[in-house]
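Under the numbering used here, the letters of the sequence shown match residues 2 to 620, in that order. Idealized CB from N, CA, C, for every residue including glycine. Some notes on the structure that comes next.
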Amino acid sequence: MTTLQRYPYRLLLVALAVFLIGALAWGATHVSAQTGEVPEVPHLAKRQPPPVTGSPIHPTFPILDKEGKNVLQSGKPMSTMKTCGQCHDTEFIARHSYHADMGLSDIIQGRTPASGEPWDVSNGPFGRWDPLFYRYLSQPGDERLDLGTPGWLMTWGKFHAGGGPGEISRDGRPLTDLAPDPTHPETALLDPETGDVQAWDWRKSGTVELNCFLCHIPNPNNQARVAALTRGQFAWAATATLEGTPLVRRTDDGWAWNPDAFDASGKVKKEYVTLRDPGDENCALCHGPVHTDPQTPVVVEDLSPKNATVGQVFSGERISESGMNILDKEDLNRPWDVHMDRGVKCVECHYALNNPAQAQEKRDLRPFTLVYDPRRLDLGEYLKTPVHDFARGETAQHPIDPETKGTMRRCEDCHDAKRIHTGVLPYANRHLSVVACETCHIPKLYAPAIEAYDWTVLLPDRGPRKVYRGLDGPAPMPGDDVPPTVRNLVTGYEPVTLLRHNRTGMPELTTGNWFKILIGATDRSQRHTGKSGGEWVAPYNLITTWFWVYDDANGNTRPVRLVDLEKAWFDGDTYAAEVVALFDADKDGTLSPEELVLDSDAKRDLIAQRLTALGLHNP
């Protein structure tokens with residue numbers, strides 16, 4: 002039987018960072034409910050961002066390798082766990098970071114993923130297949146290897162802060178304890194060019210520690226870090242992050258430490274200690290671009306899944322001043338993001354959950370006689386053991402670590418929603434109890450967002466057919482000289498509204514007293530889980546994906562690997578002759594994007610036959 006599977010209701014929540022966008026629309030439109038007009042938004046004068054510096058109170062320190070030796074003596078890669086672990090409990094930090102874990106703990110503890118798909122083994126990117134990125138993590142017992150752990154780090158490492166699956170195996174052992182074995186996905190690597198599988202030696206490559214410097218220094222060299230990961234130089238990835246600083250320089254076979262950047266005792270000189278709280282630009286390395294230059298108009302150039310799942314633009318610039326070809330742009334006199342316009346930083350909403358300046362106990366954890374508990378974690382203890390599970394909202398896009406969902410302050414926790422709406426909105430209390438703020442205050446988004454990815458066909462660049470919402474024109478192609486948001490008309494789109502189940506109920510959300518302090522929780526399985534409650538109407542961007550699946554010889558249902566899909570469509574560098582003969586409707590000898598679609602049984606059956614010929618069962 003031939004099966005084309007449609008990914009069931011791939012819902013990507015518009016409120017991925019809904020607090021920011023919701024407040025943008027709030028600042029732009031709440032007065033209009035009274036006047037019927039869209040008012041001029043008060044706008045802070047443009048100014049150059051302050052110079053980037055580190056914390057003046059951070060002490061100097063030696064940089065240590067994995068054995069705890071000064072790198073000036075050993076010449077080896079830096080170990081962040083040893084270096085930062087001189088003052089901070091880096092083992093605790095790594096255990097309490099979903100940015101590090103990425104779903105590994107679900108696999109180790111045998112938790113059932115929420116998706117219910119047979120190829121998913123966790124709720125995070127390590128084990129949960131994302132059909133937008135396509136490559137999937139292979140499991141023991143799979144007939145064909147797609148991404149083993151080394152391949153996952155080479156592919157997904159650009160979005161991973163290190164630690165978790167970069168150091169620990171799926172049974173909880175250090176990766177360096179595993180012997181090279183091409184038959185096991187944790188010690189095997191697929192060559193995507195040839196389809197051959199080779200054994201991977203973790204002792205030679207080293208592992209990927211949690212990279213503190215990626216987030217805690219200004220201007221980390223993410224390009225060098227990603228290049229090191231892609232080459233499999235895992236132990237050097239954190240060191241590569243410092244490339245371009247006076248501390249280290251690139252050599253022919255790696256990196257070399259610069260003795261002149263260290264003092265006589267072997268510590269980094271004070272002028273080179275630039276450690277600080279994460280800046281917006283650090284978050285942008287993985288979460289999409291953040292625009293902070295007031296002298297350069299905003300232009301969204303990259304419409305990849307990293308940036309275009311919802312159409313958000315993180316910038317304080319007014320939409321009317323952007324460099325994009327937006328319909329009726331001159332009338333859009335509000336900023337893209339009101340919080341960035343007002344100087345609010347990412348970490349001021351997405352803070353560490355045990356930050357004593359922010360965290361509060363959940364109401365059901367306090368004695369009923371207490372309205373307010375003034376006790377806080379000691380600042381010194383916090384600096385030693387800062388939880389790196391950050392406050393986050395409700396999102397359908399990232400189901401990882403569900404116990405931390407709904408821990409971020411929402412719109413109504415900072416704004417007096419009842420006071421603003423009473424007398425303006427009929428039945429204000431009723432509306433606020435069942436309708437999320439962003440449902441009304443995000444009526445439209447003004448940047449393109451992904452609508453559909455069709456992996457049943459491959460375009461000449463070996464990628465899927467792509468459809469975008471809010472973009473009037475062809476989808477961008479590799480090699481385009483003009484950004485798609487400049488070449489095409491950007492019309493924006495209106496999100497759909499659906500019911501969203503909230504992990505934490507509305508009554509607690511409105512009190513502001515529902516934050517949990519994760520003190521003494523030494524394992525992800527020991528954490529308190531917020532009680533369920535409440536449904537809201539909330540805005541979403543719905544993304545549909547289409548892809549082939551097959552049954553392997555061991556009875557596992559899996560997505561067809563990209564390497565096999567390429568063989569079904571191509572012979573070498575060109576489309577297979579029989580594919581061209583059937584799909585070439587205008588008989589010009591080439592296949593246009595419009596012709597590359599499975600719109601007949603004959604086309605579907607041809608690709609299914611070619612997949613079957615590769616040894617795939619029941620494609």
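Residue burial classification, residue i (beta-carbon count within 10 angstroms, cutoff 16)
i, result
"V435", "exposed"
"S98", "buried"
"R412", "In the sequence as displayed, the identity of residue 412 is Cys instead of Arg. Buried."
"Q234", "buried"
"M79", "buried"
"K406", "buried"
"Q110", "exposed"
"P449", "buried"
"G317", "buried"
"F369", "exposed"
"V483", "exposed"
"S601", "exposed"
"Q313", "buried"
"C438", "buried"
"E68", "exposed"
"L328", "exposed"
"E509", "Low per-residue confidence applies at E509: pLDDT is 31, beneath 50, and the placement is therefore not dependable enough to give any value."
"Y373", "exposed"
"K271", "exposed"
"I451", "buried"
"G204", "The question names Gly, but residue 204 is Arg in the sequence shown. Exposed, since its Cβ has fewer than 16 Cβ neighbours within 10 Å."
"I58", "exposed"
"D606", "exposed"
"A578", "exposed"
"V1", "The structure shown does not extend to residue 1, since the chain spans only 2 to 620, so no value can be given for it."
"L308", "Per the sequence presented here, residue 308 reads as Asn, with Leu not at that position. N308 is buried by the Cβ-count criterion."
Rounded distance between the beta-carbons of residue j and residue i, thought under 8 Å
i, j, result
"Q199", "P175", "Going by Cβ atoms, the distance from Q199 to P175 rounds to 21 Å, so no, they are not a contact pair."
"E404", "R501", "Not a contact, Cβ separation roughly 18 Å."
"L286", "V269", "Contact doesn't hold; Cβ gap of about 22 Å is too wide."
"W237", "W256", "6 Å"
"E187", "S206", "At roughly 13 Å, the Cβ-Cβ gap does not stay under 8 Å, so E187 and S206 are not in contact."
"Y551", "N619", "6 Å"
"L215", "G164", "With a Cβ gap of about 11 Å, L215 and G164 do not count as contacting."
"V209", "E168", "7 Å"
"G104", "F127", "4 Å"
"W456", "W547", "6 Å"
"H89", "K385", "6 Å"
"L1", "L460", "Outside the shown range of the chain (2 to 620) lies residue 1, about which nothing can therefore be said."
Inter-residue Cα distance where the pair is residue i and residue j
i, j, result
"V300", "V487", "8 Å"
"T591", "R463", "15 Å"
"L472", "E595", "17 Å"
"Y541", "T440", "9 Å"
"A162", "C213", "8 Å"
"Q610", "K467", "25 Å"
"G125", "N222", "26 Å"
"R136", "N283", "26 Å"
"W537", "T498", "10 Å"
"V458", "L599", "7 Å"
"T297", "S323", "9 Å"
"R277", "H217", "5 Å"
"I608", "R145", "19 Å"
"P465", "A265", "56 Å"
"S123", "S116", "9 Å"
"T113", "G149", "20 Å"
"L73", "H389", "30 Å"
"H44", "I320", "Reliability fails at H44, whose pLDDT of 45 lies under 50, so the model's placement of it is uncertain and the value that follows must be treated cautiously. If I take the Cα positions, the gap works out to 12 Å."
"R251", "E382", "37 Å"
"H422", "C415", "15 Å"
"P387", "F584", "57 Å"
"L433", "A418", "8 Å"
"D338", "P219", "22 Å"
"A26", "P306", "With a pLDDT of 37 at A26, under the threshold of 50, the predicted position of this residue should be treated as unreliable, though the coordinate-derived value follows. Each residue's alpha carbon lies about 24 Å from the other."
"P193", "G573", "13 Å"
"L191", "G152", "7 Å"
"T613", "W201", "30 Å"
Contact test: residue i Cβ vs the ligand HEM heavy atom, cutoff 8 Å
i, result
"K67", "This structure does not include the ligand HEM; it has no bound ligands of any sort."
> Enumerated in chain order, which unbroken segments of the beta strand (DSSP E) with a length of 3 residues or greater are wholly contained in the stretch 275–325?
Replying inline: none
> Okay, do the stretch 338–350 and the stretch 277–296 touch, 3+ Cβ pairs below 8 Å being the bar?
Replying inline: yes
>> As an exercise, report each continuous alpha helix (DSSP H) stretch of at least 4 residues that is fully enclosed by the stretch 67–115, in chain order.
In response: 72–75, 81–84, 91–96, 99–102, 105–110
> Taking only runs of the beta strand (DSSP E) that begin and end inside the stretch 166–213, which ones reach a length of at least 3 residues, in chain order?
Replying inline: 189–191, 198–200
>> So within the stretch 349–390, which uninterrupted alpha helix (DSSP H) runs reach at least 4 residues, ignoring any that extend past its ends?
In response: 380–385
> Where in the stretch 535–573 do unbroken runs of the beta strand (DSSP E), each at least 3 residues long, occur, reported from the N-terminal end onward?
Replying inline: 536–552, 558–560
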